[in-house]
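Participant: Numbering (the numbering used here), first residue to last: -12 to 212.
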Amino acid sequence: MLIFLKFIAAIALLVCIHLFAMAALGRWWGIAVRKVSLGFGPRLLSLGIFHLHAVPLGGSVQFKDTREEGVPLDKPPGYFDDAFNHKPRAVQVLIPLAGVAALIVVALVLRQGAAVPSLVHGFAQFLTGALDPLTTGRQLVGGARDFAGQHTFLPLLGMLAAKLAAVNLLPLPLLNGGQALLTLVTRDLRETPAWQRKLTAVFVWVWLVLIASWLSAILAYVEGR
């Protein structure tokens, strides 16, 4: 139980770092932040733009974006100045990557020489574990559990920071790597093309399948102990 709580606490802390890095960089570039949500599921607490949800294993930053909010007929002067989708392309690429960069910094500080190999291996581990949850995925879950049992909180935090950074760099539209990639290949950033909406809808299901596969790996490990 203690190891489980260590994992939850570490992931929740890293999600906070990840989200606040993006929100802070967005504000620094003059973008209005609408909402910062930690976790998913039922909302437990709201403090201004900050929202805490029941399951603290993910989160999101919602910026002002006229593609989602629309444009009022009586828009005031300078209405687009603080909108995410009216910022330069480089800004729209760098803001999602800021969250990943913050995780990499945490990994480098806490894991030093082991951070880069852990990050590089994280890509293959996430995908191979999802594709073979009952064998590879189960072994990886067991390895992570052993690591948590053998180390204190800070090394665990550094290891998970590297793995989460790797996952968030995957080219899926819901993740930072995919968001940055879509920004690079989209011609008009002020509007969302139809192909991008369709692609995102497809990859929502891909992401859900990957998560479900990892949940089955965790259950297989727990049942096999």
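By construction, the Cβ of each residue, glycine as well, lies at the ideal position given by its N, Cα and C atoms.
Helix, strand or coil for F134? Go by DSSP, reduced to three states.
Facilitator: For the purposes of this step, residue 134 is taken as residue 147 along the sequence shown, with counting starting at 1. Helix at F134.
Participant: In or out: K51 buried (at least 16 other Cβ within 10 Å) or exposed?
Facilitator: Position 64 of the sequence shown holds residue 51. So K51 ends up on the buried side.
Participant: Between the C-alpha atoms of L156 and L162, what's the straight-line distance to the nearest angstrom?
Facilitator: Walking along the sequence shown from the start, residue 156 turns up at place 169. Walking along the sequence shown from the start, residue 162 turns up at place 175. Spanning the two alpha carbons is a distance of roughly 7 Å.
Participant: By DSSP, does P142 sit in helix, in strand, or in coil?
Facilitator: In the sequence shown, the residue the question calls residue 142 occupies position 155. Reduced to three states, the DSSP call for P142 is helix.
Participant: Using alpha carbons as the reference points, say which of A77, H40, D61 and G28 lies closest to L12.
Facilitator: Translated into positions along the sequence shown, residue 12 becomes position 25. With distances taken between Cα atoms, L12 lies closest to A77.
Participant: Using beta-carbon positions only, say whether H5 and A94 come within less than 8 Å of one another.
Facilitator: Position 18 of the sequence shown, counted from the start, is the residue given in the question as residue 5. Position 107 of the sequence shown, counted from the start, is the residue given in the question as residue 94. Result no, Cβ atoms of H5 and A94 do not sit closer than 8 Å.
Participant: Can you check the segment 17 to 84 for any alpha helix (DSSP H) of at least 4 residues that lies completely inside it and give the ranges in chain order?
Facilitator: Entirely contained in the segment 17 to 84, the alpha helix (DSSP H) runs reaching 4 residues are, in chain order, 53 to 56.
Participant: Which residues in the same chain have their Cβ closer than 7 Å to the Cβ of R14, if we skip the five residues on either side of it in sequence?
Facilitator: The residue given as residue 14 occupies position 27 in the sequence shown. Once the five neighbours on either side are set aside, the close Cβ partners of R14 are V20.
Participant: Helix, strand or coil: how does DSSP classify R125 here?
Facilitator: Mapped onto the sequence shown, residue 125 falls at position 138. Correct three-state label for R125: helix.
Participant: Is the beta carbon of T173 sitting closer than 8 Å to the one on R54?
Facilitator: Here residue 173 refers to the residue found at position 186 of the sequence shown. Here residue 54 refers to the residue found at position 67 of the sequence shown. Going by C-beta atoms, T173 is not nearer than 8 Å to R54.
Participant: Express the C-alpha separation of D175 and L25 in angstroms, rounding to a whole number.
Facilitator: Walking along the sequence shown from the start, residue 25 turns up at place 38. Walking along the sequence shown from the start, residue 175 turns up at place 188. L25 and D175: Cα-Cα distance of roughly 30 Å.
Participant: Quick check on this structure: which residue in H40, G136, W16 and I36 has the alpha carbon closest to the alpha carbon of F27?
Facilitator: Within the sequence shown, residue 27 is the residue found at index 40, counting from 1. Answer by Cα proximity: H40.
Participant: Examine the Cβ distances between the segment 97 to 105 and the segment 133 to 149 and report whether three or more of them are shorter than 8 Å.
Facilitator: At 8 Å Cβ cutoff, the stretches touch.
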